[in-house]
Structure formats: C-alpha cells, structure tokens
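Keeping their order, the protein sequence lines are chains A and B.
With our numbering applied, the first sequence corresponds to residues 208 to 757, in that order.
With our numbering applied, the second sequence corresponds to residues 5 to 553, in that order.
Encoded as structure tokens, the structure appears first; notes follow it.
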Amino acid sequence: MGDQFQEELVIRPLHSGDIYASFQFRTMWDTDFLRGSKVSHYRLFPKSLGQVISKFSVRELHISFTQGYWRTMQWGQPFLPSPPGAELWVWFQDTVTDVDGAWKELTNVLSGIFCASLNFIDSTNTVQPSASFKPLGLGNVTDQRFLRYAVLPREIVCTENLTPWKKLLPCGSKAGLAVLMKSEKLFHSSFHSQALHFRPVCQDWKCKSTVWELRQTLNVVFDLHTSGQGKREWSLFKMFSRTLTEACPLASSSKVYVDVTDNPQGELFELSPTTPLLSQAVVLGDRRTYSVYDLTNQATFGQTRSLNMLLRWRAAERDMLRPLLHGERYVAGYGLQTGEIHTLMYNNHPYRAFPVLLLDTVPWYLRLYIHTLTVTSKGRDNKPSYIHYQPSKDRLRPHLLEMLVQLPPNSVTEVTMQFERALLKWTEYTPDPNHGFYVGSSVISALVPSVVAMDTNSTRECPLFSSFFPCKEESSYFMRVYTEPLLVNLPTPDFSMPYNVICLTCTVVAVGYGSLYNLLTRTFQVEEPSPGLAKRLANIIRRLRGVPLL
Amino acid sequence: MGLLSDPNRRRALTKLLTRLNAPICGMPVDWLVKTMQSRGLEVFTQSFTRKLPFPDENKERYMVRGTNVYGILRAPRAPRTEALVLSAPCSEGNNNNQAVGLLLGLAQYFRSQIHWAKDIIFLVNEHDLIGMQAWLEGYHHTNTTGGDWSPLQGRGGSIQAALSLELSSDVITSLDLVLEGLNGQLPNLDLANLFYAFCQKIGVLCTIQGKLQRNDWDTTSGYSHAAQTMMLMVLKQASGRPWGDHGLFLRYHIEAASIRGINSFRQYKTDTTTIGRLLEGMYRKLNNLLERLHQSYFFYLMPSLSRFVSIGYYMPAFGLLAVILLLRALDLWVQLGASPPGTEDGPSSPGVLSILTPVVISHMTGVALYTLPILSQEMAVQHFPVSETEAVVLTAIAIYTAGLALPHNTHRLLQGEGTEEGWRVLKLVALLYLAVLLGCTALINFSLGFILALSLVPIAAFITPHTPKALSAAIMVLLSPGCTLLYCVFVFQELQETPVSLQDGWMLFLSVISQGILDHALYGSLVYPLLALLIYPCWLLLWNILFWK
C-alpha cells in the first residue's frame, strides 16, 4: 500500500460570531521499524521524526502546543482538546527497559525538533496516569509503566514552534492547505493550538497489518471583534490573508469542509461559492452536515483559479452554550499559608448520569491535604468508585490524583482539596517569583452519552476530524476536557535587597578592585618604536664604521 | 439623615422593609447583562442578600438584597490565569451613572484590542461595599462574615490589580485617589505612582484626600498644607474602614485603589474621554506587568500625591513613644525588686488574686462592650423610645461609662487593703500589656497605633494612686479611647474644611460608633473589637490603679 498523505480543513462558524478553523494532516507510514531492521528510506514521512521514533522505540506519541484556553461555553467542543501550554504523553514499546532514561532523552530531542522548552520536563512534572491516558492506537498495552505524561502550562507558543511543525508536512508550506498558515494571521487570534499525534493503526478494513499514522492538527479560532472588526463576515482571505489555489500534489485527498448543520436553508448565514457536495459525519455525539470542497478537482477553483470561501451571517444570536460536559477550576481562600483547589465538573445532560475520570497533577510545592478531599454533587457526598493517589516527594515528583466519579444528570460536582504552600529554598524560585507558580490543567476524560448512534467501524472512510478517538460502542463517545491552569502565589522573600547587594558588590569588585589589581600587578615599560628600514641600514653601516649609532 | 432624627419614622420604615423583605433597589440588571453581552463580554450575575445586625441609618439599609453584574473580557490566547478588575458601584440614589457608562464604553473599546494578556473583569456592584464583599467572597470562595451569596459562574484566575471608579457628578474637575482600605491596609505605592504619572501625562488635575499638591514646600503654608493632607490620611487609615470599594480587595493581596471624580466648581473641567484615556493607559500598564506589584512600598503616608513618608521615617516616632512604656516598666521592676520585704507577716507580696481580679473584671467589661450592644438592641427598643441603631450606640456608650465604676466593684470583691506593692505589680502588668498591644497595632495599622499611643502613653506613664484624684481622673477620662475618638471626629472635620458645631459633632460621633460596629459585622474590620476587647480593658486597668486603696 505504501505511504499516503491526506489533508483537510474544517471550518465551523460559531454562534458567538467567531470562526473556528481546524487543519488536519495525516501521513501514513508503512514500515516496520520495530523488527530491528534499520529504516533508511523515507517517502512522505518526515525523516527527523521517524529516526527519533525508531531510536526510542516509541509506540504512541502525542504532543500539543496551545496558546489560549478553549472557551467551551462559547465555542462548544473542539475536535481535539488540548491544555494551555505544552502537553506531551508517550507510550513506549514494551521492549524498552529504561523508560525513564528514554523519556528524558526523548524530551530533549523533541525540544530541539520543536524549538520548545520541553527539556524542562523532568521527574517533578512527569506522572504515570493509571487510567486517564489509554493508548489511542492499536494494541492493548495497558501497563502504565510504559506511559509518561507531562504538561508545561507556562510554555508560550509562537512562530518558532510553528515553523518546525510545518516542515514535517510533505509539501511544507509551499502547496496545499498549508499555504494558509501564515504566522502573522494565525497568532492574531483568540486561540491557537498545534498538535502532533503518532500511533499505530490498521492498514485496511481487514486490519491484518498495522501502519503508523502521523496526524498533525492545527486549530485556530478567529475573534469577531479583534480579527473580524466586528463584522459577521468571514472569508479565507480575511482569516489567513491567502486563498487556496491548489492541493498538495502529494496528497491523495485534499478537502475543505464547512459546517452547515444549523444552516440547511441558508437562513443563518450565506456561503459562497456554493458546492453541491454534502457530507455527513458523526462528530462528538452529533450528526453534522458539511459542505465539501474537493481541492483535487479543478472545478472547485472556478474561473479565478483560486478558492476564497465567503461566509456572511444573516442573523445575530449569541447565547451561552450548555455543553454536556465542562470543567472549571480555581483556587479559593486568601493569604499565603493555605488554600483550597476547587474543581467543578458540570454534567448538563438532562437525564443521563455518566462516569468521568479526573486526573489532577499538582506540583510538590503545594502540599495537598488529601484527608480534606471532598466530592459533592447536588449538596450530597459523592463517593468516587476508584481513587488512585500517589503522594508527592519534595523536589522529586508531583502529586498524582485520579478518580472515577459518577456525575448525576443535570448537576455540578465539586471536588475540593486543601493545600499548604511550601517555602522554597531561595535558589528554587523562578526569576519572576511574584508572578506565581503554575499548576497544570486537570484532565477530565469521559464516555459521554451520545444523541445519535456512533460509528464503531473505525476503518470506514470518514473525514479525518471525526475519526480520531476510537469508538467502542454506539451509545457513547469519548471526550476529554481540560480545565484552566492555576496560578498560585507562594510565600516569596523580598529579593530586592539581596539582589541589590549582589549587584552592588559585583560592580564594586569588578570596577574598583579589578582596576586596582590591574594597576598593582602590571609592570610598565616604555616601548621603543621599531626604527624604519633606512635607519636600520644606516645603523648597520655606522656599526661597521665604528661610529655611534643613531 | 441624623441618627436621632425622628426615631418613630425610622423604626416604621425599618419594620416595613423587614416585613416586605424586599429592597426598593433598582439596578437595571437585565439591561446591563444585555449591553455587556452585545459588547462581546462573557456576562455573569451574582445575587446576594445580607441582613445587617441593626439598621444602617447613614445609608438607610437593613435587609439588603442585590445583584452584581460582571462581564469578563477574555484576553486572546491567554489561559485564564490572571485578571484585572474595573468596578463601578451602582445603586439607587447614588448617581454613579457616569462611571457605569464609562465602564461600558471602555469595555467596548478594550474588546477590539488584541494586546490584552490578562482577562479584564468589568464589575458593576450593587450596594457598594456589601456587593463588593459578596463578589470577592464569591470569587475566592470564602465566607468570613456570614453573608449569603450565590456562587460565581465565571472566573478569570488570580486578580492582579483592581480599580474602582466613582464619578458622582456630571461635571468633573479633578480626580481624587483613595488608597485607604480595610484595617488600614494600603495598596502598593506603585499604583499611586502610576495614577500620578498618567495624570501628569494627560494633564488631569489629581488630588489625594481632596487636596491639590502645592509646590511651595519650603514655605510655612505649603508645609502645613502637606501636613494637613498627611493628617487626613492618618485619621482615615486609623479608622480601619474601607474608604472606597477598593478597600476590600486588599485582604486578598490584590492591589487596588478608588478613583473618584470630584466637582469642586473650578474652571478646569475634565471630560469623560480624558478619564477614559487615563484608565486605558493605566490598564495597559497593568496588563504589561509580568509580576504583581511588589517592588515598591506597602507602608507609607502621603503628604501629597508625588511625595511619601516611608516606614523608616515614621516608625521611630512610634518607637520613641513605646520606649517610654518599657522604661517605666523597667523602673517599676527595679523598684519592686529593691523594695525591702517590709513587714515579715504572711503574704508580703501581693496575692495573685489582687492582680487577677481587676484584670479579669476589666476584660469582662470589654466583652460586655463588644457583645451586649447588638444583643440587647431588641430589649432596649421595647423599653425606650429609640430606634435600633440608637439603642446599639447608646448601649455601647452606657457600658463604656459604667466601666468607670469598676474600681468600686473590684474593691468589693477584694478583701482587705490594696498594698503599695499591689498597684505597682498591676501597673507593671498594664504597662507591658499596653506596650505589646500598641506595638502589634502599629505594625498592622500604624496610624491607629500612633493615635492610641499619643493618648494612652502619657496617662500610662504618670498614673499612680498618689496623684491628686480629681485632676487625674478628669485627665484620664479626657484621654480615654472614647474621647480620643470624639476629638478625631472634630479634627477630621476641621481638616476637611467642613467644621461642625458641637451638636453636629456629637451626632457624627454617634454615627461613627455605629459605623464602626457595622464595619466589623459586615466586612470584618478589626478596630471595634480591638478597642472594645483590648484597649478599653487596658485603660480600665490604669483607671483601677488611680483608685487603688
């Protein structure tokens, strides 16, 4: 079958007037790097990544860089959720003996590939979740010894991360959908997230052999007021300051989808140019209808040889959405001694209860009082049916708390836990200690009851954005929600005095003592300028003649 | 508005309000929600109810029910970890419409900007401080004073700084900066500097304590002007009450200040656009901060907006006062050690009981002063023709005065004569007690500690049972904490250039007492319990020494 490349752009107009664009690129890699045979032939798959993956025997790799927080209440659910900052989780092959060593090397290598501070991942922010992060690809390795998960909530994503990410595409940003990715536009948005997922999948519907799938996604939300100048009118040009002229020549399929589910008769917005192609897909528990533009078909580009879709809203409505599941988190209390972490989980389903897995990773410098853990829904105690807690070790590893909680229908479940703020050693403070310390997002993973029957046949041809999370049963779908990260202030000594003293001392030493030492140890002598050639000749002659030299 | 004016009418109104259980308020909640939504904010509301321990006659409220409306401007590509707050109080009667309008205008303008790195929360709070208290407690999920509020739905992470805007008049001639918060806490001085710098840049008249800055520092009048400004700050800080809606933020380590538009009928007028530019500048500066404001001073007194007196300069003044107490205590200690055992019969040293009894009785009086006024208001209202508020204040004054009879009661409990050594030991205890008390108070709230030290240290130093009784008693009463409060009221009015007559001053004094008790009950101000439970008993100990037998 060989390698294969597909590209896709999904555009979903949001009720708030914003617009959501999601790029999906899939590269299939038909190889067998596990058998020890050294792979040296690369067609579409990026070599830089392939070498890393085969060297470290990676089974699954998921990495995301996100700038901003996904506003579930306004935008609904994203196709692929990701927490603010950088997130990395890796399943290693069960042949790896030194997982920690491989993890450390891998993060450093990835840090170089993506120009990100992934090298700051160490044992103090790495955990091994027992249930929240199951492999998404083939194979049923469930031993968490081979899993590593880390989040860097403070990581800032910018152009230097986008460029290496774009270079992994077979066409780069030269052709196809990737020409739209101009960083000056992508970073003039409300939300920006780029991710990369590597996993083994079935080769065909018979699933006799596996191939490796590299999926690159980029999600971006453009704001109505800042990018759209308040006008409810969007076009590809307005969003990306580019239009589409061709598909990537290496791509086997190249499509643009526009979500027109709420707009069957065109009463909500007007879409031009129109396309006869419609596609239906079950996404996030809902059957959606999409207008499809096939870029491999020349007719799509029309007379002007360029595709610039225009979306013009007719009606303006803005109501907060009631997503089935969403989460919130905040720090309660005041003062710098103790505090309380509150995590709220909303189940807005009118009559179905469903279980969720909550994963909390808290750095060691917040000392959790686990005996104060309470879970309440509707004013009553809600006993988690499964709790996995791993206490922290100072300066070694973070707290890990995983819970399986049943969310009653139409309710808010509140998880609270008190903590004490530790006093750090003075060298452990960051250069900006008064900014605060970050606590990564907690992760809520759930099987949410679906409105329509989900498609369990994972091998059937369907749009890329609808087929990421494998679906095991028809009645529910998998969903992951990230809460906001926390910024916590720790008791901070006043660094200004020592800082001033150190600066002053260094200056005095450098300027005063340095110059004095210089003066004392240097020997001075008058250097005679070397005489010219004529003078030297004259002197030789004079010496021969025996007269005094000049 | 006077405290004693027509008690019957007042009581009738209060009863009506209590029975209806509904306020006459009218903040246009729905309109605000709709307007904020149309400006692209995430809008949430919070409702709260609060029953005051007794009716507040200054603001005419008892059962308070209201709604806070706030809209969050989500910063693009920010993870909801930091926020700034701009608030404007809005209630029936107080015409802060200008500020609410400006707030909405700024919200719309800020929304179209891409450079925000922190979420900005636009808050319209009803019933000024009560609404603000409810909102802040809701935001931080604490409950320190037993209010009843609905939980907040949307948050923006940890709040870095806040400004409260009050424009009570249509014509604004100058902007006044209010810094004094709950329990005399002050925001970081950099916030004041930021305000001053922008006023200078934009060319707005700015004042502090309602007083303009003068440039003639070296002249006598210039100096006294600055001294008056600083005295006003000292008095306001000592009161321990929040002097603007910003005052409650400080407990949560959020730097906050109130900006108050003043119409002083000068020629110079400032239009709303200019104030908007000023606020935009300040918010962009605050937005760019990587860390919380922490570099500058938290303890300062301001003789003008551009000058400050740092803690290093004013603390020695207090230290010198406190040293008097310690030296006196040392002197007594030496005397006690040196004095010969005297007659060698039985209990030569004064019994523990003779010291403990006055200490315990004084503190019991303090506890009575702290608890009884509110507990006994119903009984007082039934038996006397007074309103609840008057009942509370007058009961407090009555208990305070009744404390003067304490030495008599103490002696009844003690058998036999008080010895010479007895009063010395008691005075030693009182001196050390006062020194510790004043020292701790001055660390938390310098102004309060300093004013108390000024009035209490002289009597503590010189009082003995051998001084002329009548004269000493008169001086002691005149320098007691209650009378100090009365003087402070007059001095404050004088400094504000609104002198009052004796009658009005007395009214003001009564209302200040009721406000102090209310501040404690509503916002957790510590001045009333400090005075009632600690300072007053300490003064009673000294009073006891004067009448030692």
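For each residue, glycine too, the CB sits at the ideal point set by N, CA and C.
Computed from a prediction, not measured in an experiment: that's the story for all the values here.
- For ILE134/B, no Cβ of chain A is located within less than 8 Å of the residue's own Cβ.
- Contact residues of the stretch 277-307 of chain B toward chain A are LEU294, GLU295, ARG296, HIS298 and GLN299 (C-beta to C-beta distance below 8 Å).
- Remark: C-beta atoms of TRP139/B and GLN41/B do not approach each other more closely than 8 Å.
- Annotation: ASP411/A to PRO290/A spans about 32 Å, alpha carbon to alpha carbon.
- The closest CA to that of LEU376/A, considering only THR583/A, LEU693/A and PRO253/A, is found on PRO253/A.
- With fewer than three CB-CB distances shorter than 8 Å, the stretch 317-337 of chain A does not count as touching the stretch 274-285 of chain A.
- Annotation for ALA522/A: no alpha helix (DSSP H) segment contains it, and DSSP assigns it neither H nor E.
- Taking a Cβ-Cβ threshold of 7 Å, none of the residues of chain A is close to GLU259/B; the smallest such distance is about 11 Å.
- DSSP places THR730/A in the coil class of the three-state scheme, outside both helix and strand.
- Counting along the chain, MET383/B sits inside the alpha helix (DSSP H) bounded by residues 381-387.
- Counting the other CB atoms within 10 Å of its CB gives LYS431/B a total of 16 or more, which places it among the buried residues.
- In the structure shown, SER255/A falls within a helical segment according to DSSP collapsed to helix, strand and coil.
- Beta-bridge pairing by DSSP links ASP493/A to VAL490/A.
- For GLU391/A, the enclosing alpha helix (DSSP H) has its first and last residue at 390-393.
- In terms of CA proximity to GLU609/A, ILE577/A leads the group MET527/A, LYS585/A, SER461/A and ILE577/A.
- The beta-carbon of GLU474/A is placed no less than 8 Å from the nearest beta-carbon of chain B.
- Between PRO32/B and ARG69/B, the alpha-carbon positions lie close to 14 Å from each other.
- TYR464/A sits in a strand when the DSSP states are folded into three classes.
- VAL612/A is bridged by DSSP to VAL563/A.
- For LYS289/B, same chain residues with a beta-carbon under 7 Å away, outside a window of 5 residues either side, are LEU198 in chain order.
- Under a criterion of Cβ atoms nearer than 7 Å, no residue of chain B is adjacent to ASN617/A; the nearest Cβ is some 15 Å distant.
- Residues of chain B whose Cβ lies closer than 8 Å to the Cβ of LEU359/A do not exist, since the nearest Cβ in that chain is about 12 Å away.
- ILE748/A and PRO755/A have their C-alpha atoms some 11 Å from each other.
- What SER116/B touches in chain A, judged by beta-carbon distance under 8 Å, is HIS432, THR433, GLN436 and GLY437, going in chain order.
- DSSP places LYS742/A within a helical segment (H, G or I) once states are collapsed to three.
- At a cut-off of 8 Å between beta-carbon atoms, THR85/B makes contact with chain A.
- Going by C-alpha positions, ARG529/A is about 13 Å away from PRO616/A.
- Any Cβ of chain A closer than 8 Å to the Cβ of HIS144/B would place that residue at the interface, and such an atom is present.
- Around the Cβ of TRP298/A, a 10 Å sphere holds 16 or more other Cβ atoms; the residue is buried.
- Counting along the chain, the unbroken beta strand (DSSP E) around THR71/B starts and ends at 65-77.
- DSSP, reduced to helix, strand and coil, places VAL658/A outside both helices and strands of the structure shown, so it counts as coil.
- Cβ atoms of ALA166/B and VAL47/B stay farther apart than 8 Å, at about 19 Å.
- Out of GLY75/B, LYS55/B and VAL73/B, the CA that lies nearest to the CA of TYR66/B is found in LYS55/B.
- Taking the Cα positions, ARG361/A is about 40 Å away from CYS444/B.
- Close CB contacts of TYR404/B within its chain, under the 8 Å cut and outside five residues either way in sequence, are with LEU373, GLY486 and TYR540 (chain order).
- The Cβ of PRO80/B sits closer than 8 Å to at least one Cβ of chain A.
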